[in-house]
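Scroll down for the structure; my scribbles are underneath it.
Chains as they are written, first to last, in our numbering: chain G, 1 to 105; chain A, 1001 to 1218.
Below, the structure is given as structure tokens:
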């Protein structure tokens, strides 16, 4: 992708993936990677940040003798996502106007 | 590099962070490597890059977070320290890192020197004031007028010295905060920029390498 992905958009994508179901680190990373080009190592800081902002919580579930850490979106996370979605819609319309529609005279 | 070795190196790089944060990060990366399975470990670690790269990302994010939570002077100084570590851990050219560190060091030393000199002024005011007061009392028996004059001047000087003290404390707090914000804002953005630059270079090199090996058999 030629366009740079800001941290806000990355946050929004992670939150969006988590609205479907709780999931653990590996699957979450794979899901986000399917949508956008993001390096695997940069996702941990994003998760940590969202967790500190109370946008998501974690819980451990045993799997084959070890623990899988599941991430779950909170009410605050959902609110944040709605905000992001609205902002994105506005931003997208503006960019579309210029890029695709050309500047109207 | 083996998985255990990789994780151990990462833990060593993160040693400056609070233990809880270190454990949290370690659990994430450990779990991730478990999930991809032994056959894909190698490629995953290659994609992550060196342990120091991941460590600098984690520390960078931690420093920014810390500054927004608690912008006090003590936290500020430890933030400066973490930022410097993050800069050194990132794979930018060493001379550049050294130059950056030199600039920051110069800034810190200048600010400390300024504050220290102001502190000296305050202390010397108060000190000379006390000496003048004592001199005034000694003169009491000889000439009341001179003694009163001396005591007055002494009191004024001591008062001025004491009045400057809080200013010095306030200034030193402001100064350290300034250094801390400067570091976390500008140095980190610089460091992250240079890191992405480095990554781009690395990926193009990888691609070129692949092309070269693809062409080789024909």
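Positions of the beta carbon are idealized from the N, C-alpha and C atoms, including for glycine.
It should be emphasised that the depicted structure is a prediction, and the values quoted were computed from it without experimental measurement.
As a quick exercise: from 1047/A, 1151/A, 1032/A and 1105/A, pick the residue whose alpha carbon is nearest that of residue 1183/A.
Your numbering for residue 1183/A matches position 183 in the second chain. Measuring from the Cα of residue 1183/A, the nearest candidate turns out to be 1105/A.
Counting only beta-carbon separations shorter than 8 Å, does residue 1082/A have a partner in chain G?
Taking the second chain and counting its residues from 1, one reaches residue 1082/A at position 82. No, no contact with chain G.
Taking C-alpha atoms, which residue in 1058/A, 1002/A and 1169/A lies nearest to residue 1018/A?
Taking the second chain and counting its residues from 1, one reaches residue 1018/A at position 18. Residue 1058/A is the option with its Cα nearest to residue 1018/A.
If you measure beta-carbon to beta-carbon, which residues of the region 1108-1121 of chain A are closer than 9 Å to chain G?
With the criterion set as a beta carbon lying under 9 Å from some beta carbon of chain G, the region 1108-1121 of chain A has no members that meet it.
For residue 1051/A, which of helix, strand or coil comes out of DSSP?
Within the second chain, numbered from 1, the residue matching residue 1051/A stands at position 51. Residue 1051/A: helix per DSSP, three-state reduction.
Taking all protein chains shown into account, decide if residue 1048/A is buried (16 or more other Cβ within 10 angstroms of its Cβ) or exposed.
Reading the second chain from its first residue, position 48 is the one you call residue 1048/A. Classification for residue 1048/A: buried.
Would you please verify whether the beta carbon of residue 62/G is less than 8 Å from any beta carbon of chain A?
Within the first chain, residue 62/G is the residue found at index 62, counting from 1. Contact of residue 62/G with chain A is not assigned, every C-beta pair being separated by 8 Å or more.
Just to confirm, is the Cβ distance from residue 1027/A to residue 69/G under 8 Å?
The sequence position of residue 1027/A within the second chain is 27, counting from 1. The sequence position of residue 69/G within the first chain is 69, counting from 1. Residue 1027/A is a Cβ neighbour of residue 69/G, given a cutoff of 8 Å.
Run through chain A and tell me which residues come within less than 8 Å of residue 25/G, C-beta to C-beta.
Against the first chain, residue 25/G aligns to sequence position 25. Here the neighbours are 1028, 1031, 1032 and 1035.
Count the other CB atoms, across all protein chains shown, that sit within 10 Å of the CB of residue 59/G; report buried if there are 16 or more and exposed otherwise.
Sequence index remark: in the first chain, residue 59/G carries index 59 (1-based). Residue burial annotation: residue 59/G is exposed, with fewer than 16 other C-beta atoms found within 10 angstroms of its C-beta.
Stretch-stretch touch, CB-based, cutoff 8 Å, three pairs: the region 1100-1115 of chain A with the region 1140-1147 of chain A:
Short answer: they don't touch.
Could you name the residues of chain A that residue 107/G contacts, counting a contact when the two beta carbons are closer than 8 Å?
Because residue 107/G is not part of the residues shown, which for chain G are 1 to 105, the question remains open.
Residue 1158/A to residue 1168/A, Cα distance in whole Å?
As a working note, residue 1158/A is residue 158 in the second chain. As a working note, residue 1168/A is residue 168 in the second chain. Their backbone Cα atoms lie some 15 Å apart in a straight line.
Is there a Cβ of chain G sitting closer than 8 Å to that of residue 1009/A, yes or no?
One-based indexing of the second chain puts residue 1009/A at position 9. Put simply, the CB of residue 1009/A is far from chain G, with every gap to its CB atoms at 8 Å or more.
Three-state secondary structure (DSSP) at residue 60/G?
Locating residue 60/G in the first chain gives position 60, where the first residue counts as 1. It is a strand residue.
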